[in-house]
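Each residue of the sequence shown is one higher than the one before, counting from 51 in the numbering used here.
Every residue, glycine too, gets a C-beta built ideally from N, C-alpha and C.
The model shown is predicted, which means the values in this text are computed figures rather than measured ones.
Written below as structure tokens is the structure these notes are about.
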Amino acid sequence: MHWVASYGINDDTKRGMDEMTERTVSLSWVNSKLSQIFISTRENRKGAEYSQALFRVVAGPVFVICMSAIMATTGNFEISPSQIALYSSIYSILSISILIWVIQRPGEYLSRRVFAMVMDYSAITSIMSIGDSVLLPTYAPLLWVTLGYGLRFGSQYLVISTCMALVSILTATYFNSFLWNYPYVVVAFILTTIAVPTYAHRLVSRTFEAHSQAVQANQTKSRFLAQASHDLRQPIHAISLFTACLRDTGLSSEQHQMVDNIDRSVHSVSGLFRSLLDISTLESGKVQPRLQPVAIGVIIDDLIQQNREAAKWAGVVFRQVPANIYVSTDATLIATVLQNILSNAIKYAPGRQVLVGCRRRRGCISIEVHDQGEGIAAHHLPMLFEEFYQARERGDKDVEGVGLGLAIVKRLVKLLEIEVSIRSLRGRGTSVIIDGLKIAHLVAQADVVQISERKDHSAMKGLRVLLVEDDKNVLLATATLLEKWGCTVQADTGLPKNVAVCDLIITDFDLGANLTGTDCISRVRQLLGRDIPAVIMTGHDVGRILEEPGNENIPVLSKPVRSQELREVVLMQKVKIDELARTDNKERTSAQPDHL
């Protein structure tokens with residue numbers, strides 16, 4: 051870990067981090083391989099029907115071996131070994147065929163399920179019929195199969211399988227002399243076959259009802275969190291922008307300190323509501339990653355710049371190892387992962403150094419964040435990724451937050467199909483490693499997602515901005531801030547009736563009256579007859595907005611937006627505006643006729 055030493059990390063900490071990293075490498079590799087095996091088997095091989103088909107392939111030979119052992123022990127061979135081999139081979143071939151069918155054509159096929167049921171019950175009925183009392187233990191698989199169909203596929207299949215089991219018992223009774231001579235055994239089989247599935251059905255129904263209620267309650271909670279987060283983000287967003295405006299009004303040192311305190315408090319509250327919105331969005335199941343080549347070094351640099359002020363408040367010094375590498379990932383999701391990790395490093399390593407860098411490992415890229423904080427006790431480590439869990443020891447000082455950051459990280463890395471691990475030594479610090487990012491093979495430079503291109507703030511002077519926001523406080527705060535940066539602003543609370551010439555559209559997403567920011571952008575572009583660059587700000591799920599047609603290439607900012615975030619996005623759009631202007635000038639120049 052040579053780049054750790056080069057940034058002023060002491061030898062003891064370096065050795066501790068080396069130990070943590072080596073353990074992380076080995077454990078991450080093992081976890082990765084096991085995950086590839088079991089996840090591909092469990093999730094990609096089609097659920098209940100696949101598990102049933104796989105169990106059938108394994109259970110068939112095991113059952114034959116057990117029955118053969120019973121017959122060998124008693125010396126009562128009702129069928130010859132050659133017949134056993136023939137019948138078991140036929141059943142195994144059919145079982146493997148069904149398994150292949152499920153893998154190649156997943157989904158619900160009534161014909162396949164009926165065929166499987168007929169095959170299973172025919173095999174069990176045949177064994178119970180040809181054997182005497184020796185093969186009556188076959189009733190156990192009969193009951194197992196009956197319950198299995200019902201629990202896997204629902205109540206209708208439970209009724210059908212119970213009826214088929216009763217038919218099997220009656221058929222076996224007709225051909226099996228022992229059952230024919232001892233009808234009370236048959237009655238016991240019939241009563242058990244009716245009673246057990248009936249009781250199981252009642253239990254499953256109650257469990258399903260309780261599960262449905264829990265899901266509904268969870269959805270209600272998620273909707274409440276999302277709505278509450280959105281409603282509270284608006285005033286926090288306005289306060290944040292007003293504070294940024296106030297900072298540039300020639301304050302005294304004491305007043306400047308007061309503004310810093312307000313800004314710090316707003317930053318803490320906005321982080322809390324961002325976590326609440328992130329977790330509610332992830333619980334909705336609507337987040338889907340968009341993988342594309344991403345300049346990971348630029349993302350890290352941008353996040354460090356965004357967190358520079360918070361780090362200054364905490365006395366944290368960021369050390370960054372430059373990384374000029376592209377990975378295949380979702381830029382927004384990986385940035386959210388890193389933001390949560392950096393926020394934790396700032397909170398738990400005040401007055402210390404935090405080192406951020408990338409390294410190649412087994413053909414992939416890993417991102418490592420090392421801090422020199424107090425570290426985390428070993429008994430806390432297994433629970434760090436649980437929701438609302440905070441590692442606290444007796445006498446520890448209060449730390450802002452509700453314990454959602456790492457829970458969000460865990461869910462996001464699962465979506466991105468990468469790994470995250472934490473290693474910590476008490477008194478030495480903590481290392482967080484994101485592993486498994488695949489290196490991107492670029493086809494064209496235009497495919498690369500960049501975060502921002504920094505320019506002098508004077509570049510915004512004279513930029514004509516159409517600002518649309520239905521909240522008057524947010525509208526005033528944003529307009530004031532843009533004007534301080536030198537922009538000319540036309541501010542409206544809804545779709546403007548008269549649109550002056552503008553270079554950039556900045557709009558809220560929910561504008562009321564069934565109007566969205568997407569509609570506003572489309573309408574203004576139509577009125578002015580050109581594809582005007584635009585930015586959307588929202589207090590809702592960013593992913594849902596990006597999925598709307600026409601929003602793919604529009605930057606979306608999540609409220610509350612810090613002034614630095616807004617400034618960087620506006621500067622980035624200004625670069626595009628300048629490029630479009632140069633292109634238009636070249637086209638007009640080339641279209642003019644040459645004069646001799």
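- Inter-residue Cα distance where the pair is T175 and F203: In the sequence shown, counting from the first residue as 1, residue 175 sits at position 125. In the sequence shown, counting from the first residue as 1, residue 203 sits at position 153. Using only the alpha carbons, I get a separation of about 22 Å.
- Does the beta-carbon distance from H251 to M587 come in below 9 Å? Here residue 251 refers to the residue found at position 201 of the sequence shown. Here residue 587 refers to the residue found at position 537 of the sequence shown. Cβ atoms of H251 and M587: not closer than 9 Å.
- Query: Under the three-state reduction of DSSP, which class applies to P372: helix, strand or coil?
  - Reply: Counted from its first residue, the sequence shown places residue 372 at position 322. In the structure shown, P372 sits in coil (DSSP, three-state: anything other than H, G, I, E or B).
- Message: Using 9 Å as the threshold, is the C-beta distance between C537 and I582 below it?
- Response: Walking along the sequence shown from the start, residue 537 turns up at place 487. Walking along the sequence shown from the start, residue 582 turns up at place 532. No.
- What's the gap between the Cα of A345 and the Cα of T382? The count along the sequence shown starts at 1 and reaches residue 345 at position 295. The count along the sequence shown starts at 1 and reaches residue 382 at position 332. Cα to Cα, A345 sits roughly 12 Å from T382.
- Message: For I484, list the residues DSSP reports as bridge partners.
- Response: For the purposes of this step, residue 484 is taken as residue 434 along the sequence shown, with counting starting at 1. Under the DSSP definition of a beta bridge, I484 partners with I417, V470.
- Taking DSSP as the reference, what is the three-state secondary structure of Q540? Locating residue 540 in the sequence shown gives position 490, counting from the first residue. Strand, per DSSP.
- Task: For A98, name the three-state secondary structure that DSSP assigns.
- Result: Within the sequence shown, numbered from 1, the residue matching residue 98 stands at position 48. Here A98 sits in helix by DSSP.
- Query: Are the beta-carbon atoms belonging to L465 and Q338 less than 9 Å from one another?
  - Reply: For the purposes of this step, residue 465 is taken as the residue at position 415 of the sequence shown. For the purposes of this step, residue 338 is taken as the residue at position 288 of the sequence shown. Closer than 9 Å, so yes.
- Identity of the residues DSSP links to I489 by a beta bridge: If you number the sequence shown from 1, residue 489 lands on position 439. According to DSSP, I489 bridges with V377.
- Rounded distance between the beta-carbons of L565 and L578, thought under 8 Å: Indexing the sequence shown from 1 puts residue 578 at position 528. Indexing the sequence shown from 1 puts residue 565 at position 515. With 8 Å as the limit, L578 and L565 do not qualify as a contact, their Cβ atoms being about 18 Å apart.
- Item | Pair within 9 Å by beta-carbon distance, G423 and Q370 | If you number the sequence shown from 1, residue 423 lands on position 373. If you number the sequence shown from 1, residue 370 lands on position 320. No, the Cβ-Cβ distance between G423 and Q370 is not below 9 Å.
- Backbone CA spacing between W363 and R575 [nearest angstrom]: Taking the sequence shown and counting its residues from 1, one reaches residue 363 at position 313. Taking the sequence shown and counting its residues from 1, one reaches residue 575 at position 525. One C-alpha to the other measures close to 43 Å.
- Query: N523 to L487, Cα distance in whole Å?
  - Reply: Locating residue 523 in the sequence shown gives position 473, counting from the first residue. Locating residue 487 in the sequence shown gives position 437, counting from the first residue. The straight-line gap from Cα to Cα measures roughly 42 Å.
- To which residues of the same chain is V654 closer than 7 Å at the C-beta, ignoring the five residues directly before and after it? In the structure as shown, the chain starts at 51 and stops at 646, and residue 654 therefore has no counterpart that could be examined.
- Through-space distance from L531 to A294, alpha-carbon basis: Numbered from its first residue, the sequence shown carries residue 294 at position 244. Numbered from its first residue, the sequence shown carries residue 531 at position 481. Spanning the two alpha carbons is a distance of roughly 7 Å.
- Message: Under 8 Å, with one C-beta from each stretch per pair, do the stretch 214 to 226 and the stretch 156 to 176 reach the 3-pair mark?
- Response: Counting C-beta pairs closer than 8 Å gives three or more between the stretch 214 to 226 and the stretch 156 to 176, which meets the contact rule.
- Query: Counting along the chain, where does the alpha helix (DSSP H) carrying L229 start and finish?
  - Reply: The residue given as residue 229 occupies position 179 in the sequence shown. Where L229 is concerned, the enclosing alpha helix (DSSP H) stretches over 227 to 231.
- Query: So, G734 versus N548, is the Cβ gap smaller than 9 Å?
  - Reply: An answer regarding residue 734 cannot be provided, because it is not within the stretch 51 to 646 covered by the chain.
- Task: Have a look at M433 and A385 and give me their C-alpha separation to the nearest angstrom.
- Result: As a position in the sequence shown, residue 433 is number 383, starting the count at 1. As a position in the sequence shown, residue 385 is number 335, starting the count at 1. Using only the alpha carbons, I get a separation of about 23 Å.
- Task: From the DSSP output, in three-state form, read off R632 for me.
- Result: Position 582 of the sequence shown, counting from 1, holds the residue named residue 632. Reduced to three states, the DSSP call for R632 is helix.
- Query: Counting Cβ pairs, one atom from each stretch, are 3 or more of them under 8 Å apart for the stretch 609 to 620 and the stretch 289 to 305?
  - Reply: In short, these stretches touch, since the Cβ pair count reaches three.
- Message: Residues in the same chain with beta-carbon distance under 7 Å from F113, minus the five sequence neighbours each way, listed in chain order, please.
- Response: Position 63 of the sequence shown, counting from 1, holds the residue named residue 113. Only P191 meet the Cβ criterion.
- Measure the alpha-carbon distance for T270 versus H261 and round it to whole angstroms. Numbered from 1 along the sequence shown, position 220 holds the residue referred to as residue 270. Numbered from 1 along the sequence shown, position 211 holds the residue referred to as residue 261. One alpha carbon belongs to T270, the other to H261, and they sit about 14 Å apart.
- Query: Would the beta-carbon of L193 fall within 9 Å of that of G200?
  - Reply: Working through the sequence shown from its first residue, we reach residue 193 at position 143. Working through the sequence shown from its first residue, we reach residue 200 at position 150. Contact: no.
- Message: Please classify E629 as buried or exposed, where buried requires at least 16 neighbouring CB atoms within 10 angstroms.
- Response: As a position in the sequence shown, residue 629 is number 579, starting the count at 1. The residue is exposed, with fewer than 16 neighbouring Cβ atoms inside 10 Å.
- Message: Suppose you measure from the CA of R162 to the CA of Y249; what does that come to, to the nearest Å?
- Response: Position 112 of the sequence shown, counting from 1, holds the residue named residue 162. Position 199 of the sequence shown, counting from 1, holds the residue named residue 249. If I take the Cα positions, the gap works out to 27 Å.
- Message: Quick check: the Cα distance between L616 and D521, rounded to an integer number of angstroms?
- Response: Locating residue 616 in the sequence shown gives position 566, where the first residue counts as 1. Locating residue 521 in the sequence shown gives position 471, where the first residue counts as 1. Those two C-alpha atoms are separated by around 17 Å.
- Query: So, is R504 buried or exposed, given that buried needs 16 or more other C-beta atoms within 10 angstroms?
  - Reply: Position 454 of the sequence shown, counting from 1, holds the residue named residue 504. Low confidence applies to R504: its pLDDT is 44, below 50, so where it sits in the model is not reliable, and the reading given next is rough at best. Result: exposed.
- Buried or exposed (CB count within 10 angstroms, at least 16 for buried), W535: The residue given as residue 535 occupies position 485 in the sequence shown. Here W535 is buried: its Cβ has 16 or more other Cβ atoms, across all protein chains shown, within 10 Å.
- Item | Nearest-angstrom Cβ-Cβ length linking C570 and V518, presumed shorter than 8 Å | One-based indexing of the sequence shown puts residue 570 at position 520. One-based indexing of the sequence shown puts residue 518 at position 468. At roughly 5 Å, the Cβ-Cβ gap stays under 8 Å, so C570 and V518 are in contact.
- Task: Kindly indicate which three-state DSSP category R575 falls into: helix, strand or coil?
- Result: Taking the first residue of the sequence shown as 1, we reach residue 575 at position 525. The answer is helix: DSSP assigns R575 an H, G or I state.
- List in chain order: all unbroken alpha helix (DSSP H) runs of 4+ residues lying wholly within the stretch 113 to 185. Listed in chain order, the complete alpha helix (DSSP H) runs (minimum 4 residues) inside the stretch 113 to 185 are 131 to 154, 160 to 180.
- Closest by C-alpha distance to S118, when choosing among S211, H306, V184: Counted from its first residue, the sequence shown places residue 118 at position 68. Relative to the Cα of S118, the nearest Cα in the group S211, H306, V184 belongs to V184.
- Confirm, please, whether the CB-CB distance from V404 to A361 is below 9 Å. Taking the sequence shown and counting its residues from 1, one reaches residue 361 at position 311. Taking the sequence shown and counting its residues from 1, one reaches residue 404 at position 354. Going by C-beta atoms, A361 is nearer than 9 Å to V404.
- Where I472 and I483 are concerned, what is the direct C-alpha to C-alpha distance, given to the nearest angstrom? By 1-based counting over the sequence shown, the position of residue 472 is 422. By 1-based counting over the sequence shown, the position of residue 483 is 433. Taking C-alpha positions only, I472 is separated from I483 by approximately 6 Å.
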